[in-house]
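Protein chains in written order, with the numbering used here: chain A, 1 to 234; chain B, 1001 to 1223. Here the structure is laid out as structure tokens; the discussion comes afterwards.
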């Protein structure tokens, strides 16, 4: 996977998001404090927001190029998105949610049965969304995104709404998704999650990239602010 | 109730239902646009749509009469198609439609606004077109609110008087609705018959508003 973000500029309430980066890792952690522009950046990559200036290219295909007036519609980008709350469709059953974006065909990443098996959701396929626990919701949201055969999966703090015990139970499922080989950008505040899942880290602060490198080369300083990353001590 | 009174009840229910059905597609479209789009001058459209709610119904009726009369810009065109509106049942439908349109738009707009836009965005990331997003996500989630708004509009249409009497007159057996018939009967001193129609009016209006409230509350709880 190669994601190029060039001349990305998006005015936000407090500052302007300005990003220049190339992401090539299988799984990249997007670090930064609340309000640092992480979700806005994900929205731009997914085509959910438009920036006055941006060049976004995924594997050689320009998704957004404001200079040339290119803006590939969201539905054609094949970029999966799992927001914090999962955003499951409340009027559909678990099965209905999973089948909503299911792409059959030879380029399909997963069969329906495989996704259900990997994320262990077979037991509640016919349940309504209101009857799912937080962890179950996130697994369904993950499976739904995977079944749309995404070329890139965006995960916006998928564990943030869960307690520590539940996080520990969901993390292995994310590792299974990683093993499927789907490129991911994973927004998180937690070094542990990044260490467990990610190859590279991109640190965002007030809309600017302040650090980027392999996760093994970066070390989380446990003082304040918690998101701050520094090179590991010699 | 005598046969003629039942006919008035049936006619009123029929034209009110037809008027409500007629405004449903444009009303839903306008409500969706107002809920999901922003542009300079949006408040102008909002004000125009709300005008029939606050203008004297007779004034709205006069505007419709001038528009839809045989010499009016719209009426002349319709006359060439052999469709006369003024002083016909079509006039009743038009008056009811115009007067209840703002209520439908208001109800549906609130229902659309209460649908989490994030769900629509996620549906797009799953490959859904705008039309599919609307029909499979937005509309089902807003449905109860829309039904509530539709029933309110229907109830408003049932009680329409001022605009109807100008556009369609009060022709017994042709354009006489419940409201117009009650007015007529009171004028003629036939209070007993007037009260019978009044009781039917109250029962229908109560049922429509009560059902509307039920849908609106269930809709809010669902979202």
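Note that beta-carbon positions come from the ideal geometry of N, C-alpha and C, so glycine has one too.
**Request:** Assign residue 1001 of chain B to one of two classes, buried (16 or more other C-beta atoms within 10 Å of its C-beta) or exposed (fewer than that).
**Result:** Sequence index remark: in the second chain, residue 1001 of chain B carries index 1 (1-based). Answer is exposed; the Cβ neighbour count stays below 16.
**Request:** Report yes or no: is there a C-beta of chain B within less than 9 Å of the C-beta of residue 15 of chain A?
**Result:** The residue labelled residue 15 of chain A in the question sits at position 15 within the first chain. Answer no: the Cβ-Cβ gap between residue 15 of chain A and chain B never drops below 9 Å.
**Message:** Taking 7 Å as the limit between beta carbons, can you name the residues of its chain near residue 99 of chain A, skipping five residues before and five after?
**Reply:** Your numbering for residue 99 of chain A matches position 99 in the first chain. Cβ neighbours of residue 99 of chain A beyond the five flanking positions: none.
**Request:** Indicate whether at least one CB of chain A lies closer than 9 Å to the CB of residue 1146 of chain B.
**Result:** Locating residue 1146 of chain B in the second chain gives position 146, where the first residue counts as 1. Answer no: the Cβ-Cβ gap between residue 1146 of chain B and chain A never drops below 9 Å.
**Prompt:** Is it right to say residue 61 of chain A is buried, meaning 16 or more other beta carbons lie within 10 angstroms of its own, or is it exposed?
**Reply:** Residue 61 of chain A sits at position 61 when you count from the first residue of the first chain. Residue 61 of chain A is exposed by the Cβ-count criterion.
**Request:** Select from A/9, A/89, A/76 the residue whose C-alpha is nearest the C-alpha of residue 237 of chain A.
**Result:** Outside the displayed range of chain A (1 to 234) lies residue 237 of chain A, so it cannot be described from this structure.
**Message:** Just to confirm my understanding: we take residue 15 of chain A, look at its own chain, exclude 5 residues before and 5 after, and list those with CB closer than 7 Å. What are they?
**Reply:** Stepping through the first chain from its first residue, residue 15 of chain A is reached at position 15. Excluding residues within five positions, the ones whose Cβ falls inside 7 Å are 206, 207.
**Request:** Go through its chain and collect everything with a Cβ distance to residue 116 of chain A's Cβ below 6 Å, but skip five positions before and after it.
**Result:** For the purposes of this step, residue 116 of chain A is taken as the residue at position 116 of the first chain. If you ignore the 5 residues before and after residue 116 of chain A, its C-beta comes within less than 6 Å of the C-beta of 122, all in its own chain and listed in chain order.
**Prompt:** In whole angstroms, what is the alpha-carbon distance linking residue 1182 of chain B and residue 1122 of chain B?
**Reply:** For this step, residue 1182 of chain B is matched to residue 182 along the second chain. For this step, residue 1122 of chain B is matched to residue 122 along the second chain. Taking the straight line joining both Cα atoms gives about 53 Å.
**Item:** Distance between residue 20 of chain A and residue 90 of chain A (C-alpha atoms, nearest Å)
**Value:** Taking the first residue of the first chain as 1, we reach residue 90 of chain A at position 90. Taking the first residue of the first chain as 1, we reach residue 20 of chain A at position 20. Spanning the alpha carbons of residue 90 of chain A and residue 20 of chain A requires a straight line of approximately 37 Å.
**Request:** List the DSSP bridge partners of residue 11 of chain A.
**Result:** Locating residue 11 of chain A in the first chain gives position 11, where the first residue counts as 1. Residue pairing from DSSP places residue 11 of chain A in a beta bridge opposite A/16.
**Asked** So residue 1096 of chain B is in the alpha helix (DSSP H); what residue range does that whole segment cover?
**Response** Along the second chain, one-based indexing puts residue 1096 of chain B at 96. Segment 1089-1113, the alpha helix (DSSP H) holding residue 1096 of chain B.
**Item:** alpha helix (DSSP H) segment containing residue 1145 of chain B, residue limits
**Value:** Looking up residue 1145 of chain B in the second chain gives position 145. Note, residue 1145 of chain B: alpha helix (DSSP H), 1139-1158.
**Prompt:** Who are the near neighbours of residue 1120 of chain B in its chain, counting only those whose CB is closer than 8 Å to its CB and skipping five residues on each side?
**Reply:** Translated into positions along the second chain, residue 1120 of chain B becomes position 120. Here the set comprises 1133, 1137, 1138.
**Request:** Identify the contact partners of residue 155 of chain A in chain B, using a Cβ-Cβ distance below 7 Å as the criterion.
**Result:** Looking up residue 155 of chain A in the first chain gives position 155. What residue 155 of chain A touches in chain B: nothing, since even the nearest Cβ is about 12 Å away.
**Prompt:** Would you say residue 89 of chain A faces chain B, with C-beta separation under 9 Å as the test?
**Reply:** Against the first chain, residue 89 of chain A aligns to sequence position 89. Interface residue, yes.
**Prompt:** To the nearest angstrom, how far is it from the Cα of residue 1042 of chain B to the Cα of residue 1034 of chain B?
**Reply:** Position 42 of the second chain, counted from the start, is the residue given in the question as residue 1042 of chain B. Position 34 of the second chain, counted from the start, is the residue given in the question as residue 1034 of chain B. C-alpha separation (whole angstroms): 8 Å.
**Prompt:** Hey, would you say residue 1108 of chain B sits closer than 9 Å to residue 1061 of chain B, going by beta carbons?
**Reply:** The residue labelled residue 1108 of chain B in the question sits at position 108 within the second chain. The residue labelled residue 1061 of chain B in the question sits at position 61 within the second chain. Cβ distance not < 9 Å, so residue 1108 of chain B and residue 1061 of chain B don't count as in contact.
**Message:** When you compare the CB of residue 213 of chain A with every CB in chain B, is at least one pair closer than 9 Å?
**Reply:** The residue given as residue 213 of chain A occupies position 213 in the first chain. With 9 Å as the cut-off, residue 213 of chain A does not count as an interface residue toward chain B.
**Prompt:** Using CA coordinates, which residue listed in A/216, A/92, A/190 is at the minimum distance from residue 156 of chain A?
**Reply:** As a first step, residue 156 of chain A must be located in the first chain, where it is residue number 156. The shortest Cα separation from residue 156 of chain A among A/216, A/92, A/190 belongs to A/190.
**Message:** Judging by CA-CA distance, which residue of B/1169, B/1193, B/1205 is the nearest neighbour of residue 1092 of chain B?
**Reply:** Within the second chain, residue 1092 of chain B is the residue found at index 92, counting from 1. Taking only the C-alpha atoms, the option nearest residue 1092 of chain B is B/1169.
**Prompt:** Between residue 1185 of chain B and residue 1012 of chain B, which are expected to be in contact by the criterion C-beta below 8 Å, what is the C-beta distance as a whole number of angstroms?
**Reply:** Counting from one through the second chain, the residue named residue 1185 of chain B turns up at place 185. Counting from one through the second chain, the residue named residue 1012 of chain B turns up at place 12. Contact doesn't hold; Cβ gap of about 14 Å is too wide.
**Request:** Over the uninterrupted alpha helix (DSSP H) stretch that includes residue 1011 of chain B, give me the two end residues.
**Result:** Working through the second chain from its first residue, we reach residue 1011 of chain B at position 11. Its alpha helix (DSSP H) spans residues 1003-1036.
**Message:** My output table needs one value for residue 204 of chain A: the three-state DSSP class, helix, strand or coil.
**Reply:** Numbered from 1 along the first chain, position 204 holds the residue referred to as residue 204 of chain A. The three-state secondary structure of residue 204 of chain A, taken from DSSP, is strand.
**Prompt:** Going by other Cβ atoms of all chains shown within 10 Å of its Cβ, with 16 needed for buried, is residue 1082 of chain B buried or exposed?
**Reply:** In the second chain, the residue the question calls residue 1082 of chain B occupies position 82. By the neighbour-count rule (16 or more Cβ atoms within 10 Å), residue 1082 of chain B is not buried but exposed.
**Prompt:** Beta-carbon separation of residue 1094 of chain B and residue 1105 of chain B under 9 Å?
**Reply:** For the purposes of this step, residue 1094 of chain B is taken as residue 94 along the second chain, with counting starting at 1. For the purposes of this step, residue 1105 of chain B is taken as residue 105 along the second chain, with counting starting at 1. No.
**Message:** I'd like to know if residue 1028 of chain B contacts chain A, where contact means its C-beta is closer than 9 Å to some C-beta of that chain.
**Reply:** Along the second chain, read from residue 1 onward, the residue named residue 1028 of chain B stands at position 28. False, the Cβ-Cβ gap to chain A never drops below 9 Å.
**Item:** Residues that DSSP places opposite residue 34 of chain A in a beta bridge
**Value:** Numbered from 1 along the first chain, position 34 holds the residue referred to as residue 34 of chain A. DSSP, once it has assigned bridges, lists no residue as partnering residue 34 of chain A.
**Asked** With C-beta atoms as the reference, is residue 145 of chain A less than 9 Å away from residue 85 of chain A?
**Response** Locating residue 145 of chain A in the first chain gives position 145, counting from the first residue. Locating residue 85 of chain A in the first chain gives position 85, counting from the first residue. No, the Cβ-Cβ distance between residue 145 of chain A and residue 85 of chain A is not below 9 Å.
**Asked** For residue 1154 of chain B, is the classification buried or exposed, using 16 other Cβ atoms within 10 angstroms of its Cβ as the cut-off for buried?
**Response** Taking the second chain and counting its residues from 1, the one referred to as residue 1154 of chain B is at position 154. Burial call: buried.
**Message:** Our contact map puts residue 203 of chain A next to residue 209 of chain A with C-beta atoms below 8 Å; I'd like the distance itself, whole angstroms only.
**Reply:** For this step, residue 203 of chain A is matched to residue 203 along the first chain. For this step, residue 209 of chain A is matched to residue 209 along the first chain. Yes, residue 203 of chain A and residue 209 of chain A are in contact; Cβ-Cβ is about 7 Å, under 8 Å.
**Message:** Does chain B have any CB closer than 9 Å to the CB of residue 74 of chain A?
**Reply:** Walking along the first chain from the start, residue 74 of chain A turns up at place 74. Chain B contact via Cβ: present.
**Item:** CB contact flag (residue 151 of chain A, residue 1127 of chain B, <9 Å)
**Value:** For this step, residue 151 of chain A is matched to residue 151 along the first chain. For this step, residue 1127 of chain B is matched to residue 127 along the second chain. No.
**Request:** Under 8 Å between beta-carbons, which chain B residues line up against residue 103 of chain A? List them in chain order, please.
**Result:** For the purposes of this step, residue 103 of chain A is taken as residue 103 along the first chain, with counting starting at 1. 1127, listed in chain order.
**Item:** Under 7 Å from the C-beta of residue 46 of chain A: neighbouring residues of chain B
**Value:** Residue mapping note: residue 46 of chain A aligns to position 46 of the first chain, counting from 1. Per Cβ cutoff of 7 Å: 1125.
**Request:** Would you mind stating whether residue 1158 of chain B and residue 1201 of chain B have Cβ atoms separated by less than 9 Å?
**Result:** In the second chain, counting from the first residue as 1, residue 1158 of chain B sits at position 158. In the second chain, counting from the first residue as 1, residue 1201 of chain B sits at position 201. Against a cut-off of 9 Å, the Cβ pair of residue 1201 of chain B and residue 1158 of chain B comes out as a contact.
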